[in-house]
Amino acid sequence: MHGERPAVPETALSAESIAPVSVSKRRRPAWVQDWQLYALLALPMLYFLVFKYIPMYGVTIAFKEFNIFEGIWSSPWAGLDAFREIFAMQDFYKVLRNTFLLNLLDLAVSFPAPILLALLLNEVRIPWFKKGAQTVLYLPHFISWVIIGGMVYQLLSTNTGLVNHLLKVSGIGAIPFLTEPSYWIMTYVGTGVWQNAGWGTIIYLAALTGINKELYEAADVDGAGRLRKIWSITLPSIKPTIMILLIINIGHMASIGFERPFVLSNPLVTDVSDVISTFVYKVGVQSARFSIATAIGLFQAVVGLIFLLASNYISKKVTDQGIW
Amino acid sequence: MKTSAVDKWIDMFILAVVTAASFLCLVPILHLASVSLSSNDAILSNKVTVVPVEWSTLAYETVLKDVKMFNSLFFTIGLVLLFTLICMVMTICAAYPLTKKKLKGRDFCLLMILFTMFFSGGLIPEYLLVKSLKLTNTIWALVLPGMINAFYLIILKTFFSSLPEELEESARMDGCSHIGILVRIVLPLSLPVLATLSLFYAVGRWNGFMDALFYITDQNMYPIQLKLYQLVISNQMSDALATEGMSATVPIPESMKAASIMFATIPILLVYPWLQRYFISGMMIGAVKG
């Protein structure tokens, strides 16, 4: 640029033409120009700092002899004492086993259910029927676990439940769905399917609408039947969606919701219904043993993170699909 | 397309299975509704299936007369409205700046938000935080900790990014500010996804009771789900256990329990059909592009 006007000395150019322009015309710094965007972002980021990152700092109480009056900062360090204590607890292994067992059964039953349902819905050729069925199938997702719990007791309790009444009348005899551990597990898994199978189809149906129709026409020409088309076109097309959801599910193997086991459990089935989340509640909130409960929570979070990373890694190696 | 005989059978089979699945979703709700509208005698003799027997609105009358139930309902409605409003404002405020690729510090903020989806402090540190902020037994304990759902934030950001850039550029030429563009151009174009996320936030708040169980001890501030938990589940549990030889509290008539449950479900059943088309399109956006 300067080479084009060799007649003018360098110094004169910078003094006369650049300096004044920099005051009046040069763009203001980005953060000044975008101050409104930063202002919008300020409160949300503050939210994440306070309500997400301060609790992350709070996990240090797992390594402290936490005293609620002294606070997290000034409580004395206790090293790995809390972890030694939880690894010596019988109940800890029980809730760990239950968490994995219930999640594994959930994965085995609740994961394929929406895929099957979506494939069926996709084959329904009557538009109004399909829409009506979808409306009804999505509904349970909007019903809270407290209400589902209430319904479960209404339907399944041994004495007054409708299902057991029908079973008794038909000669099969009552089944203790809620009070016998093995049946309780079935009830737990069943309510999960009930609440989420229909809702889970949304994501698969969205993936199904993206399939190129010409593939089916080509298959028609080749004389493929319906099952053949589902097997060779439909399923492979939604495989990426299935894989991603599977990774996410496996990644959540170590964590478990609180409300579902809490609402469905009762004193007779605690051997199978006590899971990490309800145990943390009992130990931490009810018994105020904060360091122990935090250590359990931290253990769960770390194991969960490892699961997530591992399943994503394996999936990328095997199928080229990953969440990142 | 010609349909063969086999195809017809397959169609019949599919219709049958889908119908059965739909019925399975409806029957528990219908049964509960019937129980709530039947006489206690009919319920105890197991005559009620999915149609009310010996029609009686007594249970509802009793529930409606319960002042505490009404207080709980109004408190929850107010809570849900406040919560949804704050959540939406905060989520929009976060999502819009994050769509601007040139914004300095954007990647850092995004990373910070995404990290919270994979790792959290856990129940107890959050509980201690809420306690040390002195939020327990205030409405804010049920509002502030869940103000932004990182997943919904990503859905909204993805949607904002999909809007044509030319619209915003031309508005910028005309001297419109960032906030002006957001309010006048971006938000009006995003109504379906805004409606969807509002519905998700609202339903989540309406249905949630875990945080209330932790943070609310004042009976006057029980959200409806916690009230129901106390009224129905703890009671049902002792009923179920009574048969196993364990102690029972004073039983509440079945129709009362059912009526209380219906009382908390009806608002959802009322708004659900109207919002359905929004959440389907909203979920599709999240599913396909997310």
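Going down the list, the sequences are from chains A and B. So the first sequence is numbered by my numbering: it starts at 83 and just counts up by one. So the second sequence is numbered by my numbering: it starts at 170 and just counts up by one. All C-beta atoms in this analysis are idealised placements derived from N, C-alpha and C, irrespective of residue type, glycine included. None of these values were measured; they are calculated from a predicted model.
Between Lys311/A and the set Ile332/A, Ile293/A and Asp116/A, the nearest pair of CA atoms involves Ile293/A. Residue nearest to Thr261/A within the set Ile143/A, Pro349/A, Ala170/A and Met127/A is Pro349/A (criterion: CA-CA distance).
For the pair Phe211/A and Ile293/B, the CB atoms are not nearer than the 8 Å cut-off. Shown here for Leu199/B: same chain residues with a beta carbon closer than 7 Å to its own, the five before and five after excluded, namely Val219 in chain order. Its chain contains Gln277, Asn278, Gly280 and Trp281 as the residues whose beta carbon lies nearer than 8 Å to that of His223/A, once the 5 sequence neighbours on both sides are disregarded; these appear in chain order. Those residues of the region 232-256 of chain A placed with their C-beta closer than 7 Å to a C-beta in chain B are Gly232, Met233, Tyr235, Gln236, Leu237, Ser239, Thr240, Asn241, Thr242, Leu244 and His247, ordered along the chain. Using a CB distance below 8 Å, the part of the region 279-298 of chain B facing chain A consists of Met281, Ile282, Thr285, Phe287, Phe288, Ser289, Gly290, Gly291, Leu292, Ile293, Pro294, Glu295, Tyr296, Leu297 and Leu298, ordered along the chain. Within a 10 Å sphere around the beta-carbon of Glu341/A sit 16 or more other beta-carbons, which makes this residue buried.
In this structure, the beta-carbon distance from Met325/A to Thr401/A falls below 8 Å.
Taking a cut-off of 8 Å for Cβ pairs, the region 212-231 of chain B and the region 288-306 of chain B do not touch, as fewer than three such pairs fall below it.
Trp227/A counts as buried, since at least 16 other C-beta atoms from the protein chains shown sit within 10 angstroms of its C-beta. The C-alpha of Thr305/B is placed about 7 Å away from the C-alpha of Val299/B.
Measuring C-alpha to C-alpha distances from Ile378/A to each of Thr360/A, Ser393/A and Ile388/A identifies Thr360/A as the nearest. Going by beta carbons, Tyr286/A and Ile208/A fall outside the 8 Å limit. Contact of Ile179/B with chain A is assigned, a C-beta pair being separated by under 8 Å. Between the region 183-192 of chain A and the region 264-272 of chain A, the count of Cβ pairs shorter than 8 Å is three or higher; the stretches touch.
With 16 or more other Cβ atoms inside 10 Å of its own Cβ, Ala375/A counts as buried. Gly153 and Ile154: these are the residues of the region 152-174 of chain A whose beta carbon lies less than 8 Å from some beta carbon of chain B, given in chain order. From the listed residues Val355/B, Val352/B and Ile317/B, the smallest Cα separation to Tyr129/A is found for Ile317/B. Annotation for Gly231/A: the continuous alpha helix (DSSP H) segment containing it runs Trp227 to Leu238. At a cut-off of 8 Å, the C-beta of Val222/B has no neighbouring C-beta in chain A. Setting aside the 5 residues that flank it on each side, Phe381/A is surrounded in the same chain by Phe165 and Ile168, each with a C-beta closer than 8 Å to its C-beta; the list follows chain order. With respect to the 8 Å criterion, Phe328/B and Val362/B are classified as neighbours on the basis of their beta carbons. Fully contained in the region 189-268 of chain A are the following alpha helix (DSSP H) runs of length 4 or more, in chain order: 194-205, 209-220, 227-238 and 244-251. Between the alpha carbons of Tyr447/B and Leu360/B lies a gap of roughly 9 Å.
Counting only the Cα atoms, Pro158/A lies some 29 Å from Ile388/A. With a threshold of 16 other beta carbon atoms within 10 Å, Arg341/B falls short and is exposed.
At least 8 Å separates the beta-carbon of Leu325/B from that of Ala364/B. Within the same chain, and ignoring the five residues on either side of Val351/A in sequence, the residues whose Cβ sits closer than 8 Å to its Cβ are Leu260, Thr261, Glu262, Pro263 and Trp266.
Residue burial annotation: Leu248/B is buried, with at least 16 other C-beta atoms found within 10 angstroms of its C-beta.
For Ala190/B, a Cβ of chain A is located within less than 8 Å of the residue's own Cβ. Below 8 Å, too few C-beta pairs join the region 428-441 of chain B and the region 349-358 of chain B to call them touching: fewer than three. Residue range Ala174 to Ser205 is occupied by the alpha helix (DSSP H) that includes Ala190/B. Looking only at Val218/A, Phe193/A and Gly305/A, the smallest Cα-Cα distance to Gly274/A is reached by Phe193/A. For Tyr220/A, same chain residues with a beta-carbon under 7 Å away, outside a window of 5 residues either side, are Gly280 and Trp281 in chain order. Taking 8 Å as the cut-off, the beta carbon of Ile257/A is found closer than this to the beta carbon of Leu249/A.
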